[in-house]
Structure formats: structure tokens, C-alpha cells
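Encoded as C-alpha cells, the structure appears first; notes follow it.
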Amino acid sequence: MQDVGDRAIFGFRIGPAEPQCPMRDVNIFINGEDVTPEDPSVYLPSFLGLIQDTANRLEAKIDYLKHDSLFSGLNVTEVHNALLHNNREVFVSDTEWWSVHEHHRFGDWGETTDGFTAFLIPYCGKLQLTCQTRDRRVARYDHLPCVRGVQVTPYYLIVTLKAALDILMRDA
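Structure (C-alpha cells):
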């Protein structure tokens, strides 16, 4: 097992590589919680591409404070839930919601990440990585656990993603 990043913030625990196998166990941690405990197995060809795309987006200097005015007066949990549920008190239209949702979505890297929803949210001039896990057996989002958040920087996320990529590509 190899740890990448600080699991108390955001990180990975990468399992050993199997020769000639396109699958690998990769646990993802946000705010100290393993958000992929049910199924850490990833299909490397697609997972690597999605991780690289996320790192590229972060490097492109996406302005995460761009939508800060939309979230004025809301706490981190309320912003997370508004992004998750298309809150009509925040967003004017479905198109606006989808655009903002996609701008702030983080960690949508294939089937292994279906058990959690994460966003990069501006809050008080800082960037928060929020996460909410859910039981895959429950089809609705009605009874979700609390939203957890941790302050991050795009730089930290980029370094962590690239370090994980280096390990996964080297051993592939």
C-alpha cells in the first residue's frame, strides 16, 4: 500500500499492482474519511484519464470564487446541498444550476466514486472541499449523512492528483 497526500485533507491509498491487470484498488480519502470503502477497485485506463482531466482543469486556473455571490449568506452545507439538489432559492434555472454544479464538482472518477458527492466550494474567500457519502443501496438522497468539509488549495489538489498518477502509471 502506498499513501499519497494527507488523508486528513485529501489523499489516496493505492494498493499493489497486479501484472497485466487493468484493475487496482485505490481508496480515496476526504477529510479523514475513506469515501470508497465499498468498492475501491478502479479500471485504470479510464480512472487515469479522469484524474488527469481533473488535474488539468485545476491547473487551468478555474476561478472557484466566480460564483461566490450566488452562495452569499449560505453555509458550506447549504451550498453543497444546493449544488446537489438544484435549490430554486439559489439558482434561477436548470441550465444555471448545471453549469455551476459542473464547475464545482470534484472527484467524479467512475464507478468507484459513485458512493460520494464532492464539490469545491468558495466560502469566506477560501476553497472548501466538501463531501457527502451515501449508501449505494439507497436509491434516494433523502437520508444522507452530514456534509463534511475541509479547506484546500488548488495547488495541494494538483500535487496530490499528480503524485497518485505518477504511481499508478509507473506501476501499470
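The opening position of the sequence shown corresponds to residue 45 in our numbering, with each subsequent residue numbered one higher.
Don't be surprised by glycine CBs; every beta carbon is placed ideally from N, CA and C.
None of the values given here were measured: they were computed from a predicted structure.
**Item:** Cβ neighbour criterion (16 or more within 10 Å) applied to ASP47
**Value:** exposed
**Message:** Based on DSSP bridge pairs, tell me the residues matched to ILE202.
**Reply:** ILE202 is not bridged to any residue.
**Asked** Is it a yes or a no for the region 148-168 touching the region 81-89, going by three-plus beta-carbon pairs under 8 Å?
**Response** yes
**Prompt:** So, VAL194 versus THR121, is the Cβ gap smaller than 8 Å?
**Reply:** In this structure, THR121 does not lie closer than 8 Å to VAL194 by Cβ.
**Message:** Measuring straight from C-alpha to C-alpha, what distance separates ASP69 and PRO60?
**Reply:** The straight-line gap from Cα to Cα measures roughly 8 Å.
**Prompt:** Within this structure, are the beta carbons of VAL196 and LEU171 separated by less than 8 Å?
**Reply:** yes
**Request:** Starting from THR174, follow its DSSP beta bridges and name the residues at the other end.
**Result:** PHE163 and GLY193
**Request:** Would you kindly work out how many angstroms separate the C-alpha atoms of ALA183 and LEU127, rounded to a whole number?
**Result:** Bear in mind that the predicted position of ALA183 carries a pLDDT of just 48, short of 50, making it unreliable; the figure below should be weighed with that in mind. Using only the alpha carbons, I get a separation of about 18 Å.
**Message:** To the nearest angstrom, how far is the alpha carbon of MET45 from that of ASN71?
**Reply:** Across the structure, MET45 and ASN71 are spaced so that their CA atoms are roughly 10 Å apart.
**Item:** DSSP bridge partner residues for SER85 (one or two, in chain order)
**Value:** ASP69
**Cut-off 6 Å between Cβ atoms - residues of its own chain near VAL123, not counting five sequence neighbours on either side** = PHE115 and ILE165
**Item:** Three-state class that DSSP yields for ALA183 in the structure shown
**Value:** Only weak support exists for where ALA183 lies, its pLDDT of 48 falling under 50; the value from the coordinates is given anyway. Three-state DSSP puts ALA183 in coil, outside helix and strand.
**Asked** Quick one: what does DSSP say ASP50 is sitting in, helix, strand or coil?
**Response** Reduced to three states, the DSSP call for ASP50 is strand.
**Request:** Use the C-beta contact count for ARG57: other C-beta atoms within 10 angstroms, 16 or more gives buried, fewer gives exposed.
**Result:** buried
**Asked** Are the beta-carbon atoms belonging to ALA207 and GLY49 less than 8 Å from one another?
**Response** yes
**Message:** Going by the DSSP bridge assignment, what does GLY55 pair with across the sheet?
**Reply:** GLY49 and PHE73
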